[in-house]
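Per this note's numbering: the sequence shown = residues 2 to 165. Even for Gly, the Cβ is constructed at its ideal location relative to N, Cα and C.
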Amino acid sequence: MSAPVSVAFADLPALAGRDLGVSDWLSLDQARINRFADATDDHQWIHVDVERASREMGGPIAHGFLTLSLLPRLQDDLLRIEGADKVLNVGVNKVRFVNPAPSGVRLRLRQTVAAVEPRAGGWQIVSDCVIEGEGLEKPLCVAQSVMLALPAARPEAVAAQIVK
């Protein structure tokens, strides 16, 4: 794992174009897959029927959206913003599930900050994200993360602009 990049809120624009490195490995085990299936009511056999999936396709695979949902957890390994009150997930662009994530795979995030722009009294951070599976040639998922970092003290009027 790369050491987390620590940056002051006011200095966020300097991150544009910077490679933040790679996160720690995170295990994507069958128990996590089953919990995600329960949370989303997506119990398709390719995810939760270990016996059938093993017989027909070599083993169960994780939901693509489970892999994507781990993005904030993995990003926490890579970036610390000093002086931010909150960092909100605003959206995700250009999502592609390139390779199935087999149950039991370890995954990690490789992240590069593409742009940092002022927005709603804070900074909008757009990052190119690649979620890799250990031992797999192709990534599991590629996406562009969009986050909004807000300062510790901000006028209430700014809060209404966040949802625009």
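So residue i packs on residue j, CB below 8 Å; how close in whole Å?
i      : j      : result
Thr68  : Ile126 : No, Thr68 and Ile126 are not in contact; Cβ-Cβ is about 21 Å, not under 8 Å.
Gly134 : Leu108 : 5 Å
Gly122 : Ala150 : The pair is not a contact, with the Cβ atoms about 10 Å apart (cut-off 8 Å).
Asn100 : Leu137 : 6 Å
Val114 : Arg19  : 5 Å
Look at the alpha carbon of residue i and the alpha carbon of residue j, and state the distance between them as a whole number of angstroms.
i      : j      : result
Asp42  : Val96  : 22 Å
Leu141 : Gly105 : 13 Å
Ala15  : Ile62  : 39 Å
Gly59  : Ile82  : 42 Å
Ala158 : Ala116 : Per-residue confidence for Ala158 stands at a pLDDT of 44, beneath the threshold of 50, marking its modelled position as unreliable; no derived number is given.
Pro5   : Leu21  : 8 Å
Arg53  : Ala102 : 17 Å
Gly84  : Pro119 : 16 Å
Ser55  : Leu13  : 46 Å
Lys139 : Phe98  : 10 Å
Ala38  : Glu57  : 20 Å
DSSP on residue i, reduced to helix/strand/coil?
i      : result
Pro103 : strand
Ser70  : helix
Ala85  : strand
Gln31  : helix
Arg19  : coil
Trp46  : helix
Ile75  : A small fix is needed here, since residue 75 is Leu in this sequence, not Ile. In this structure, Leu75 counts as helix in the three-state DSSP scheme.
Ser24  : coil
Glu138 : coil
Pro61  : coil
Is any non-hydrogen atom of the ligand HEM found closer than 6 Å to the C-beta of residue i, if you look at the structure I gave you?
i     : result
Gly18 : As far as ligands go, the structure on display features none, and thus does not contain the ligand HEM.
Which same chain residues, not among the five before or five after residue i, have their C-beta less than 6 Å away from its C-beta?
i      : result
Trp26  : Arg107 and Arg109
Gln112 : Leu21, Leu79, Ser128 and Cys130
Gln31  : Ser104
Excluding the 5 residues flanking residue i on each side, which residues of the same chain have their C-beta closer than 8 Å to its C-beta?
i    : result
Pro1 : Outside the displayed range of the chain (2 to 165) lies residue 1, so it cannot be described from this structure.
For residue i, I'd like the list of residues in its chain whose CB is within less than 7 Å of its CB, leaving aside the five on either flank, ordered along the chain.
i    : result
Ser7 : Arg81 and Glu83
Notebook entry, point to check: Pairing CB atoms from the stretch 134–146 with CB atoms from the stretch 92–101, are three or more of them under 8 Å?
Noted result: yes
Notebook entry, point to check: Is the stretch 75–86 touching the stretch 39–51 in the sense that three or more CB pairs, one from each, lie closer than 8 Å?
Noted result: no
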